[in-house]
Amino acid sequence: MKIENYIRDIQGFPKEGIIFKDITPLLNDPIAREECLKILLNSLNGQKIDKVIGAESRGFFFGMLLADRLNAGFVPVRKPKKLPFTTISASYELEYGTDSLEIHIDAIKKGDKVLIHDDVLATGGTAKALADLVNELGGEIVQFNFLMELSFLNGREKIKDNPIFAAITY
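Residue numbers (this note's numbering): 10 to 179.
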């Protein structure tokens, strides 16, 4: 089964000139979803994981499934002012400005083995911010784990000191 057959291209979303990679057909098909989950899990080669970070919002879907299968804690990382407890934040560059992500200060303990999951590695800004948050809290990044990598955007360069896996590369 080719999971890329369950990724739909949407022309001009969210703005003209962008081809959005829509994962809802993958989420909607239980067999394809399970196959994708197995691919993501197999990439870890049995490494111990204490926490799985899921990046808002599409990283939550498989992030929670990965945490469940790995018997690990799940940590949602969100946009500013969405988490109810005390947080730390990391900023990253966007095409026209900056944005930031937040994590609860008690979500990662020093020495926790952390899997960072997101749906797509594009320019690498979000991934770098996630790494900064984990490092600030004293966690150890075991791997970055993505459904897709848009290799032509060179996002891998911003996190190249870490193991990186993408189920599909465009």
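From the three backbone atoms N, C-alpha and C, an ideal C-beta is built for every residue, glycine too.
Note that the structure is a prediction, hence the values are computed from the model and not measured.
To the nearest whole angstrom, what separates the beta carbons of residue i and residue j, a pair I think is in contact under 8 angstroms?
i    : j    : result
I114 : T135 : Between T135 and I114 the Cβ distance is about 20 angstroms, and since that is not below 8 angstroms, they are no contact.
H126 : G82  : Not quite, the Cβ-Cβ distance comes to about 13 angstroms (not below 8 angstroms), so this is no contact.
L159 : L130 : 7 angstroms
L79  : I62  : With 8 angstroms as the limit, L79 and I62 do not qualify as a contact, their Cβ atoms being about 12 angstroms apart.
Y15  : P39  : Their Cβ separation, rounded to whole angstroms, is 11 angstroms, which puts Y15 and P39 out of contact at 8 angstroms.
So is residue i buried or exposed if we call it buried at 16+ other beta carbons inside 10 Å?
i    : result
F71  : buried
D77  : exposed
P85  : buried
I27  : exposed
M157 : buried
Since residue i sits in a beta bridge, which residues does DSSP pair it with?
i    : result
Q152 : L124
P23  : P23 pairs with nothing; no bridge assigned.
M157 : V129 and I177
E143 : Note that residue 143 is Val in the sequence shown here, rather than Glu. Paired residues: none, contrary to the question.
Looking at C-alpha atoms only, which residue of the options is the closest neighbour of residue i?
i    : options                   : result
L75  : K91, A131, A99 and R42    : R42
N154 : D108, K91, L146 and N54   : N54
V143 : L156, M157, I117 and E166 : I117
N163 : P89, I16 and G133         : G133
G152 : I173, K137 and I16        : Note that residue 152 is Gln in the sequence shown, not Gly. The shortest C-alpha separation from Q152 is found at I173.
E102 : P34, N14, P23 and K167    : K167
A175 : P23, C45, K24 and L36     : C45
For residue i, does the three-state DSSP call read helix, strand or coil?
i    : result
E65  : coil
I114 : coil
I177 : strand
G133 : coil
M206 : Nothing about residue 206 can be read from this structure; the chain reaches only from 10 to 179.
I48  : helix
K30  : strand
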